[in-house]
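First the structure, in the form of structure tokens, and then the observations on it.
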Amino acid sequence: MRTQVAIIGAGPAGLTLGRLLEGAGIDAVIIEQRSAEYVLGRIRAGVLEQSSVDLLRQMGVNQRMDAEGIFHDGIELSFDGEMLRVNFNELIARRVMVYGQTEVTRDLMDARTASGAKSIYEAGDVHIHDFDGETPRVTFTKDGQTHQIECDFIAGCDGFHGVSRASVPPSAISLFERVYPFGWLGVLVDQPPVAEELIYAHHKRGFALCSMRSLTRSRYYVQVDSTEKAENWSDDRFWDELRARLNPDIAESLKTGPSIEKSIAPLRSFVAEPLRFGRLFLTGDAAHIVPPTGAKGLNMAIHDVMELATALQEFYGERSDAGINAYSGNVLENTWRTERFSWWMTQLLHTFPDSGDFGRRIQRADFDYLAASRIARQSLAENYTGFRA
Ligand code: APR
Ligand code: PHB
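Everything in the sequence shown is counted per this note's numbering, starting at 20 for the first residue and increasing by one.
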């Protein structure tokens with residue numbers, strides 16, 4: 020088998036890249052180790068920046084998003100129950116859209132199926148070869164047989180645990196990482212959201228987030244210790260803990276019910292440098308991880324592959340290496356900007372085991388500064404809605 024671009028992974032990064040390359044007339048194959056159903060079963064965040072919404076529209080995968088996505092003008096912050104609204108629309112004339120990553124993934128998969136572009140799911144033992152030369156290869160097994168795809172480029176869209184980054188010699192790559200001493204316990208429930216906008220709550224018992232998937236389905240999180248297990252959290256325990264961290268009026272209007280999903284996600288900040296190794300490119304979670312506090316993971320992945328698709332279009336259309344040479348630097352600039360914001364939101368809103376009373380007073384001062392300064396709120400708004408230099 021031969022293709023121009025072999026895309027490893029059918030998460031949002033791989034599927035978006037596939038769609039963009041299809042639009043540009045560049046041949047690509049997606050190789051994914053899991054089944055499509057498994058990929059769609061993963062529950063992830065659900066906030067799209069305007070630029071992500073624009074791209075999905077431009078790619079023609081916007082029908083359901085436009086019907087079901089909900090535009091939000093801002094978010095609410097809560098500090099020990101004290102509320103502060105940050106109105107992005109009023110501050111900087113920008114908004115975000117609430118539409119689940121799972122839905123984005125489904126829409127992209129459906130579009131790919133409809134167009135007949137090639138995807139290989141349940142590929143076993145995926146390996147990448149020879150990306151330091153002109154003819155890279157991908158090998159994998161499927162239905163008991165070994166297959167090989169020759170290509171011009173490999174796009175590593177295979178997430179944090181994928182094979183792409185792991186195939187780079189350790190001496191050629193630098194890794195920067197912070198692992199936080201806590202995770203998020205998340206619950207999905209078929210009940211209307213407690214508020215019209217998302218509520219990010221700092222509380223001395225720990226962080227909490229009230230989010231949503233639709234007007235009838237809500238997503239809630241509480242910060243838990245890294246050692247916690249979801250099995251130890253009955254629904255009642257979860258709701259009691261969430262209420263304890265919210266403003267009392269909000270807590271009172273919370274509509275609870277049996278959870279339809281409950282899981283713990285660890286929090287991590289991570290960046291790999293560089294992001295290009297000969298004819299291999301890293302994108303999305305394979306390249307970087309942000310803690311979910313800034314709702315940036317999906318938007319970063321989309322930004323990366325837009326950059327990569329443009330670079331590959333230049334390569335094939337104009338025989339120019341300029342885009343592929345600039346890819347790593349351009350993406351890393353956006354990555355570190357977004358890492359900083361996600362880290363800052365995380366340290367403002369969570370309880371850190373070792374930060375002591377001084378740390379808590381600094382968090383309070385940060386919150387008070389946001390409450391007092393329009394410029395501080397504009398900065399938050401600019402980053403949350405997606406800053407591009
Ligand atoms: N071979 C083939 N596919 C693989 C391999 C492999 N060796 N390893 C992993 N994969 C697949 C995974 O099964 C997954 O479907 O790559 C895909 C990577 O998808 P994601 O983890 O969703 O990563 P990405 O597409 O970069 O999307 C980033 O997802 O994790 C969230 O917060 C993150 O929103 C962000 C987004
Ligand atoms: C979510 O709805 O799952 C969600 C929303 C915003 C975040 C993180 C997660 O910052």
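Every residue, glycine too, gets a C-beta built ideally from N, C-alpha and C.
Quantities reported herein were computed from a predicted structural model and do not represent experimental measurements.
Simplified DSSP assignment, three categories, for residue i
| i | result |
| --- | --- |
| His146 | strand |
| Glu454 | The requested residue 454 is not part of the displayed model; the chain covers only 20 to 408. |
| Phe179 | coil |
| Ala174 | strand |
| Glu56 | helix |
| Phe98 | strand |
| Ile26 | strand |
| Thr158 | strand |
| Val115 | strand |
| Phe334 | helix |
| Ile321 | helix |
| Leu273 | coil |
| Gly152 | coil |
| Leu301 | strand |
| Gly93 | strand |
| Arg396 | helix |
| Arg63 | coil |
| Ala408 | coil |
| Ala314 | coil |
| Val72 | helix |
beta-carbon residue i near ligand 1 non-hydrogen atom, thresh 7 Å
| i | result |
| --- | --- |
| Gln52 | yes |
| Cys170 | no |
| Cys176 | yes |
| His180 | yes |
| Pro212 | no |
| Gly28 | yes |
| Leu389 | no |
| Pro155 | no |
Residue interval of the alpha helix (DSSP H) (run including residue i)
| i | result |
| --- | --- |
| Glu292 | Premise fails: Glu292 lies in the beta strand (DSSP E), 278-292, not in any alpha helix (DSSP H). |
| Gly42 | 31-42 |
| Phe360 | 341-368 |
| Ala390 | 375-391 |
| Leu127 | 120-134 |
Range covered by the beta strand (DSSP E) that runs through residue i
| i | result |
| --- | --- |
| Ile168 | 164-169 |
| Glu101 | 101-106 |
| Glu68 | 66-68 |
| Ile49 | 47-50 |
Contact test: residue i Cβ vs ligand 2 heavy atom, cutoff 7 Å
| i | result |
| --- | --- |
| Pro188 | no |
| Arg230 | Sequence check: residue 230 is Ser here, not Arg. Checking the Cβ of Ser230 against ligand 2 gives yes. |
| Ala330 | no |
| Ala284 | no |
| Gly65 | yes |
| Pro311 | yes |
| Arg359 | no |
| Arg76 | no |
| Ala130 | no |
Exposed unless 16 or more other CB atoms sit within 10 angstroms - verdict on residue i
| i | result |
| --- | --- |
| Asp162 | exposed |
| Phe195 | exposed |
| Thr124 | buried |
| Lys223 | exposed |
| Thr354 | buried |
| Ser138 | buried |
| Lys274 | exposed |
| Asp126 | buried |
| Phe201 | buried |
| Ile50 | buried |
| Leu234 | exposed |
| Lys248 | exposed |
| Glu250 | exposed |
| Ala391 | exposed |
| Ile27 | buried |
| Tyr240 | buried |
Run through the region 187-257 for me and flag every whole beta strand (DSSP E) of 3 or more residues, listed as ranges in chain order.
-> Here the runs fully enclosed are 193-208, 218-221, 227-231, 237-244.
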